[in-house]
Amino acid sequence: MKKTIRTLVLIVLCITLVIPSVFAGSDGKKLKDSIGAVSVENVAFRDEMENPYFQTVLEEYQKKGYNFDSPAISFTPAEAAGHKGVEVIEGKEAYRLTREVGEVNYTVTAEKDSAYEIVLDYYMLSDTGVSGKHSVLIDGKTQFFEADSIAFNRLWQDENEPIVNGVGDEVKPRQQEIRCWQTYALEDTHGFYSLPLNFFLSAGKHTITIRFVSEDIAIGNMILRTPTKLEPYSKPSESEAGQPIYFEAEENAAEKSDSTLRQESDSDPATVPSDPRYLKLNMMGGVIWNKANQKITWRFSVEKAGLYSVNLKCQQM
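Its first residue numbered 12, the sequence shown is counted upward by one per residue in my numbering.
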């Protein structure tokens, strides 16, 4: 067994050493071929010059003195430039953004140089179970790298309560998609920023394009709104709350952005509920909850308005 492992390690090392040498050769600078590939050496340069990251662009427009508190601008589906496919989908007027349609354009006039968040109402049309991705262009170009592929997530919930199998263990419930309209302030798919993305419009007329990448969606209203600001923390004026509210995370999850976020079992006796003999689904997420923008929503009621602190019993997996 030890000899086998050693051989595998050597093979991996050889591959690791050989591959860079291929790109490092004299021909490495001329890798551009008939499909338009570029050399490894040029990738970082190209990304920075032609497709900078959002943070770089944000700082640039802040230095230019762009306005970050302009009033909101709203669009209905019928106001999408040249789009004639408006229909009622699940109770709302909308247009379909599909591979066949390709893209939808909006014409907007900015009164002054301004930054906006883009908020869309959307409905997932396909039933593949996969999140959609689409790009946003301003006047035919993406303003930053993150706008090339923005995720449009689905919502999921447990199909039923956990069941107990023949040996006494609890079995994870199946997941079902919640088919509904969602309101979404466009954000970075990779979760590098805590606030929604900003898009920048100089004074005058512009075209905003939502371009299809993957998965059919319906788009309802669109709003260009003032960028979100994080207010400094100050203690609320309300009085302290009443009795503590306890609930188990695995029992009260209303919706999830990923079907892999499910009830899991932890054998630690400090995890409630626990059982020395049988598997209990007694926690939420686990090692699967490891990707940016994976979200779980809990809904609950309080009897008394007031100041509450939120305390989570959690474990780094």
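Ideal placement from N, C-alpha and C gives every residue a C-beta, glycine not left out.
- In this structure Leu206 touches Thr239 by the C-beta definition: roughly 5 Å separates them, less than 8 Å.
- Between the stretch 194 to 201 and the stretch 169 to 182 there are fewer than three inter-stretch CB-CB distances shorter than 8 Å, so the stretches are not counted as touching.
- With a cutoff of 7 Å on beta-carbon distance, Ala214 and Ala83 are scored as not near each other.
- For Leu131, the beta-bridge partners assigned by DSSP are Tyr195, Met233.
- The straight-line gap separating the alpha-carbon atoms of Leu166 and Tyr133 is approximately 12 Å.
- Contact annotation: Tyr72 and Phe211 have beta-carbon atoms nearer than 7 Å.
- Annotation for Thr282: Asn293, Met294 place their beta carbon closer than 7 Å to its own, counting only its chain and skipping 5 residues before and after.
- In the displayed model, Ala158 falls within a helix according to three-state DSSP.
- Residue burial is scored here from C-beta neighbours: Lys216 has fewer than 16 other C-beta atoms within 10 angstroms and is therefore classed as exposed.
- Here the alpha carbons of Phe155 and Glu261 stand approximately 38 Å from one another.
- According to DSSP, Trp309 shares a beta bridge with Ala264.
- With 16 or more other CB atoms across the displayed protein chains lying within 10 angstroms of its CB, Phe86 is buried.
- Burial check for Ser81: the Cβ neighbour count within 10 Å reaches 16 or more, so the residue is buried.
- Straight through space, the alpha carbons of Val68 and Gly151 are spaced by roughly 17 Å.
- For Val115, the closest C-alpha among the options Ser268, Ser285, Thr218, Ala264 is that of Thr218.
- For Val99, the number of other beta carbons within 10 angstroms of its own is below 16, and it is reported as exposed.
- Distance from Ala126 to Tyr64 at the Cβ level is roughly 16 Å; contact not present, criterion being Cβ atoms closer than 8 Å.
- DSSP assignment within the stretch 278 to 309 yields the following whole beta strand (DSSP E) runs of 3 residues or more, N-terminal first: 292 to 295, 307 to 309.
- Between Gly96 and Phe223, the CB-CB gap reaches or exceeds 7 Å.
- The Cβ atoms of Ile228 and Gly143 sit closer than 7 Å to each other.
- Phe163 and Thr237 have their alpha carbons spaced roughly 21 Å apart.
- Within its own chain, the residues whose Cβ lies closer than 6 Å to the Cβ of Asp180, once the five positions on either side in sequence are excluded, are Tyr289, Leu290, listed in chain order.
- Within the stretch 75 to 127, there are no complete alpha helix (DSSP H) runs of at least 4 residues.
- The beta carbon of Pro88 lies closer than 8 Å to those of His94, Val97, Glu104, Ala105, Tyr106, Ile230, Gly231, Asn232 in the same chain, with the five residues before and after it left out.
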